[in-house]
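Colleague:
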Amino acid sequence: RLLVFDTCASGGAIQISRQGTNAFAFRSAFEQLGQQGGVFTLAASGATQEAHEVDDLKHGLLTYALLSGANAADFGPLSDRHAEAASVESLDVLEWFGFAAGNVPRLTKQYFGSEQQVHLSGTGTTFPVLSIR
């Protein structure tokens with residue numbers, strides 16, 4: 215029910231999911247996921263944009279921000295930050311994805327001098343993804 219694309223031009227996957235039939239049958243797959251309670255998609259970059267990686271962080275910037283949001287990054291500029299949860303028991307998909315989407319542009323500006331725009335798309339009701347006990 216959640217998809218993460220941490221690749222260059224990954225925003226194109228979201229565009230394809232909104233179009234009619236295609237060779238990869240993305241639309242059909244997204245519709246099936248949507249019928250099961252919704253689907254949330256996070257793409258690292260726009261359809262024609264690079265998804266940056268930083269060797270020192272050992273991940274693409276989107277993956278690094280997601281790890282930090284889950285309080286699982288023990289180094290780097292977000293090591294002391296994590297996503298804020300409204301619940302005392304769990305972090306939901308919008309809180310987690312929102313943390314990453316809000317931090318990636320800042321990280322790319324810091325490391326590369328320009329912002330990488332993350333694309334977030336969702337249908338259905340948010341749901342818990344990480345326990346915070």
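The working numbering applies: residue 215 is where the sequence shown begins, and numbers increase by one. From the three backbone atoms N, C-alpha and C, an ideal C-beta is built for every residue, glycine too.
Would you list the residues sitting across from A257 in a DSSP beta bridge?
Modeller: F219 and H333
Colleague: Which class does G283 belong to by DSSP, given the choice of helix, strand or coil?
Modeller: Helix.
Colleague: My output table needs one value for I346: the three-state DSSP class, helix, strand or coil.
Modeller: coil
Colleague: With a threshold of 16 other CB atoms inside 10 Å of the CB of V253, please say whether the residue is buried or exposed.
Modeller: buried
Colleague: Within this structure, are the beta carbons of L280 and A314 separated by less than 9 Å?
Modeller: A contact, by the Cβ cut-off of 9 Å.
Colleague: Assess, as a yes-or-no matter, whether the segment 311–326 is touched by the segment 267–283 under the definition of 3 or more beta carbon pairs within less than 8 Å.
Modeller: yes
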